[in-house]
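Trainee: The sequence shown begins at 7 in my numbering and counts up one residue at a time.
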Amino acid sequence: MSVAPEAAADSSTCVVLGAGSWGTALAIQLARVALPTLLWGRDSTHLGELQRDRRNARYLPDAAFPEQLRIEPDLKSALQASRDVIVAVPSHALRGMLEEIAPHLLPDARVAWATKGFEVSTGLLPHQVAREVLGESVPTAVISGPTFAKEVGAGLPTAMTIAASDPGYAAELAQRFSGQNFRAYTSTDITGVEVGGAIKNVMAIGAGISDGLGFGANTRIALIARGLVEMTRLGVALGAKKETFMGLAGLGDLVLTCTDNQSRNRRFGLALASGEKVEAAQKTIGQVVEGVLAANAVRSVAQRAGVEMPICEQVYRVVYEGVAPKDAVKELMSRALKPE
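#1: Suppose contacts are defined by Cβ-Cβ distances below 8 Å. Is residue 20 in contact with residue 127 by that definition?
#2: With contact counted as at least three CB pairs below 8 Å, one residue from each stretch, are the region 129-136 and the region 152-168 in contact?
#3: Would you list the residues sitting across from residue 31 in a DSSP beta bridge?
#4: Looking at the strands, I want to know which residues DSSP matches up with residue 20.
#5: Using the Cβ count rule (16 or more neighbours within 10 Å means buried), how would you classify residue 67?
#6: Any heavy atom of the ligand FAD closer than 7 Å to the CB of residue 39?
#7: Name the one or two DSSP bridge partners that residue 75 has.
#8: So what does residue 149 bridge to, in DSSP terms?
#9: Give the range of the alpha helix (DSSP H) segment to which residue 229 is assigned.
#10: Looking at the structure shown, is residue 340 part of a helix, part of a strand, or coil, going by DSSP?
#11: Quick one: Cα of residue 333 to Cα of residue 258, how far?
#12: Kindly indicate which three-state DSSP category residue 251 falls into: helix, strand or coil?
#13: Excluding sequence positions up to five away, which residues of its chain have a Cβ less than 6 Å from the Cβ of residue 279?
#14: Taking DSSP as the reference, what is the three-state secondary structure of residue 65?
#15: Taking the beta carbon of residue 90 as the centre, do at least 16 other beta carbons fall within 10 Å, making it buried, or is it exposed?
#16: Which same chain residues, not among the five before or five after residue 302, have their C-beta less than 7 Å away from its C-beta?
#17: Distance, Cα to Cα, residue 344 vs residue 316?
#18: What are the boundary residues of the beta strand (DSSP E) that residue 188 is part of?
#19: According to DSSP, what are the bridge partners of residue 118?
#20: I need the straight-line Cα distance from residue 153 to residue 189, nearest angstrom please.
#21: Please confirm whether residue 233 and residue 260 have their CB atoms less than 8 Å apart.
#22: In angstroms with no decimal places, state the Cα-to-Cα distance between residue 75 and residue 108.
#23: Based on DSSP bridge pairs, tell me the residues matched to residue 70.
#24: Given that a residue counts as buried once 16 or more other Cβ atoms are within 10 Å of its Cβ, and exposed if not, what is residue 272?
#25: In three-state DSSP terms, what is residue 185?
#26: Please name the residue in 35, 28, 346 and 27 whose C-alpha comes closest to that of residue 187.
#27: Please confirm if the region 242-259 is in contact with the region 171-181, defined as three or more CB-CB distances below 8 Å between the two stretches.
#28: I need the straight-line Cα distance from residue 170 to residue 141, nearest angstrom please.
#29: Using C-beta distances below 6 Å, list every residue in its chain close to residue 311, excluding the 5 sequence neighbours before and after it, in chain order.
#30: Smallest Cα separation from residue 199: which of 124, 296 and 27?
#31: Using a Cβ-Cβ cut-off of 6 Å (strictly less than) and excluding sequence neighbours within five positions of residue 31, which residues of its own chain qualify?
#32: Which complete alpha helix (DSSP H) runs does the region 299-337 hold, if anything under 4 residues is left out?
#33: Could you tell me which whole alpha helix (DSSP H) segments of length 4 or greater appear in the region 248-298?
#34: Out of 72, 269, 145 and 83, which one is the CA nearest neighbour of residue 38?
Structure representation (structure tokens):
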């Protein structure tokens, strides 16, 4: 059922586009703090199931929908009911989603995204894609940080970062999300927050490979520490602030994704270490493994920027060139010694 016309001017309403695990979790959190929230997705059959079950049985079966969360199958109706739009789609689908919604946004609309990763074909970060599609006049923000959808859906204590060039917008969006067990911090370093979100998925594949090969805690922490160096190195080269990478969207997201098996990217690395092929491992996981595309995009961006990223390079070689995981590790360990 579509939103009634009289709801169109309700500035308190938020719409979340993308009914996967992360979009559903964000919609649940917004509704949990008593904000009228609309959740839209492209699969009408799936949306019907969400409406019937009042939960996302496919991705978050244990998280019941709050009363304030409504399913909206009509994209235009959803956009006309809300000034604040949250886009929760994979990085490869971001440009198409923004192009689709642009003609239907309200004149005072503000658009945020929970999308992580460079656009593969262009090497652009999400905020650069948004600027190309939406122009300079639409306020935009990025939502990132160390968060698993299942735990957000369950209402477990969580913190994340919201970055926008307009501090007022970031603060207002942070206020909208924050509640008893959810705290949002703000930043103006959009580039740093997005670079952290893009690279941590590649590193998580590497961590999964390392653990899958049985290399232990010493190797894992070395990978995380040096991964943070690579992340910071590229981010600063692209204009980010170094201190951003010591926060939630940098170190926080990196450690989370590299160390917990809720991470699809880490599980993908574990599968590769066990001998599974790339396609088979992706099929087993059953959802988008963002680090696969990110490995390609990060390598291209780093090469253009002249930034050395040896861990990302070896993950790329395993995923795209068929290099055996053990050989990739051997290559890393045989590099010339240098000061830290």
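For glycine and all other residues, C-beta sits at the position ideal for the given N, C-alpha and C.
Mentor: By the coordinates alone:
#1: no
#2: no
#3: None, per the DSSP bridge assignment.
#4: DSSP output for residue 20 lists 43 and 90 as bridge partner(s).
#5: exposed
#6: The ligand FAD is not part of the structure shown, which contains no ligands of any sort.
#7: 43
#8: 168
#9: 222-243
#10: Coil at residue 340, not helix or strand.
#11: One C-alpha to the other measures close to 29 Å.
#12: helix
#13: Listed in chain order, the non-local C-beta contacts of residue 279 below 6 Å within the same chain comprise 215, 218, 219 and 331, local neighbours out to five positions each way being set aside.
#14: Three-state result, residue 65: coil.
#15: Answer is buried; the Cβ neighbour count reaches 16.
#16: 126, 322 and 326
#17: 13 Å
#18: 188-193
#19: Residue 118 is bridged by DSSP to 92 and 147.
#20: 11 Å
#21: yes
#22: 24 Å
#23: 61
#24: buried
#25: strand
#26: 35
#27: no
#28: 15 Å
#29: 243
#30: 124
#31: 155, 158 and 159
#32: 316-327
#33: 259-265, 270-279 and 284-291
#34: Closest option to residue 38, Cα to Cα, is 72.
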